[in-house]
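Adding 15 to a residue's 1-based position in the sequence shown gives its number in the working numbering. From the three backbone atoms N, C-alpha and C, an ideal C-beta is built for every residue, glycine too. Take a look at the structure set out below.
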Amino acid sequence: MKVLKTFLIIILIIILLAGTGFGLLYFKILKTPNFVAYIPVVSNLLIEEDKLNTELTSMEKAKKENAVLKSTITDKQEEIKEMQDEISQLKKELKTSENDAFKLKDEIARLNEELLNLKTSKGDKKAAYKDMAGYFAEMKAKDAADILSRLKDEDIIGIFNEMPKDLVAEMLQKMDRDKATTLTRKMLVTNP
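Printed below as a string of structure tokens:
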């Protein structure tokens, strides 16, 4: 009987220890070891809750990441809107600058015409053409061609006659085709 009593006490102690261990694992006081996954009944009780907690944790992480991404998207959309506003402002400034440049070229052409008229009214038209040829020779061919195309054809021909032939060819090339054709025809006929 003493043996039976001892045996029962040992079994009760083992059951008590196992129950205490299970309770500590079940209530998450201790972390569930990996080998518990291989114990058939116990693993279902302990691991499923861990899976639920892991799923909840991953869901919370996903929600946080989603919120961060939404915030980033909103910030990027604001940046895009600011850049689009800046681009439209720069386009307006470019258009204004182009209009100003066009007006300035018209003004230069008008002043050149006026200068030619002043010099020609004094009598020496050839000297006026020579002076103007010097000015246009110093300019970029494209700008000079643009300004020259706004003058009278006979004045352009007079200026061209005072310029080197290669420079005249370059300026004719930069002019509007119709204007260049008209000037070439007149240059063949007249020589001021």
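Inter-residue spacing [alpha-carbon to alpha-carbon] between Q104 and L203: To locate residue 104, count along the sequence shown from 1; it is residue 89. To locate residue 203, count along the sequence shown from 1; it is residue 188. The alpha-carbon atoms of Q104 and L203 are separated by roughly 49 Å.
Alpha-carbon spacing of D211 relative to K120, whole angstroms: Residue 211 lies beyond the residue range present for the chain, which begins at 16 and ends at 207; the question has no answer from this structure.
From D170, L163 and R200, residue whose alpha carbon lies closest to that of M186: Looking up residue 186 in the sequence shown gives position 171. Nearest C-alpha to M186: L163.
Three-state class that DSSP yields for R165 in the structure shown: Reading the sequence shown from its first residue, position 150 is the one you call residue 165. Here R165 sits in coil by DSSP.
Backbone CA spacing between K180 and D193 [nearest angstrom]: Residue 180 sits at position 165 when you count from the first residue of the sequence shown. Residue 193 sits at position 178 when you count from the first residue of the sequence shown. The straight-line gap from Cα to Cα measures roughly 20 Å.
Nonlocal neighbours in the same chain, by C-beta distance under 6 Å from A159, ignoring five residues either side: Residue numbering aside, residue 159 sits at position 144 when the sequence shown is read from its first letter. Answer for A159: F151 and M186, listed in chain order.
I171 to A116 span [Cα, whole Å]: In the sequence shown, counting from the first residue as 1, residue 171 sits at position 156. In the sequence shown, counting from the first residue as 1, residue 116 sits at position 101. Cα to Cα, the separation comes out at about 21 Å.
A184 versus E122 - alpha carbon distance: Here residue 184 refers to the residue found at position 169 when the sequence shown is read from its first residue. Here residue 122 refers to the residue found at position 107 when the sequence shown is read from its first residue. Taking the straight line from one Cα to the other gives about 25 Å.
Cβ pair A124, R165 closer than 8 Å: Stepping through the sequence shown from its first residue, residue 124 is reached at position 109. Stepping through the sequence shown from its first residue, residue 165 is reached at position 150. Their beta carbons are under 8 Å apart, which means A124 touches R165 by this criterion.
Cβ neighbour criterion (16 or more within 10 Å) applied to L45: For the purposes of this step, residue 45 is taken as the residue at position 30 of the sequence shown. Result: exposed.
T87 to A77 span [Cα, whole Å]: Within the sequence shown, the letter at position 72 stands for residue 87. Within the sequence shown, the letter at position 62 stands for residue 77. Near 15 Å, if we compare the C-alpha coordinates of A77 and T87.
Cβ pair M147, N127 closer than 8 Å: As a working mapping, residue 147 is identified with position 132 in the sequence shown. As a working mapping, residue 127 is identified with position 112 in the sequence shown. Closer than 8 Å, so yes.
For T72 and L31, the rounded distance between their alpha carbons: The residue you call residue 31 lines up with position 16 of the sequence shown. The residue you call residue 72 lines up with position 57 of the sequence shown. Approximately 33 Å, taken between the alpha carbons.
Within 8 Å, strictly: CB atoms of E177 and K145: The residue given as residue 177 occupies position 162 in the sequence shown. The residue given as residue 145 occupies position 130 in the sequence shown. Against a cut-off of 8 Å, the Cβ pair of K145 and E177 comes out as a contact.
Inter-residue Cα distance where the pair is M190 and L109: In the sequence shown, residue 190 corresponds to position 175, counting from 1. In the sequence shown, residue 109 corresponds to position 94, counting from 1. Their backbone Cα atoms lie some 23 Å apart in a straight line.
Residues near K137 by beta carbon distance below 7 Å, same chain, minus five either side: Working through the sequence shown from its first residue, we reach residue 137 at position 122. Because the pLDDT of K137 is 48, which lies under 50, any placement of that residue in the model is unreliable, and the number read from its coordinates should be weighed accordingly. Excluding residues within five positions, none has a Cβ falling inside 7 Å.
Simplified DSSP assignment, three categories, for L45: As a position in the sequence shown, residue 45 is number 30, starting the count at 1. Correct three-state label for L45: coil.
Short Cβ contact (8 Å threshold) for G173 with K140: In the sequence shown, counting from the first residue as 1, residue 173 sits at position 158. In the sequence shown, counting from the first residue as 1, residue 140 sits at position 125. Yes. Within cutoff.
Alpha-carbon to alpha-carbon, T89 and E97: Residue mapping note: residue 97 aligns to position 82 of the sequence shown, counting from 1. Residue mapping note: residue 89 aligns to position 74 of the sequence shown, counting from 1. Roughly 12 Å separates the two Cα atoms.
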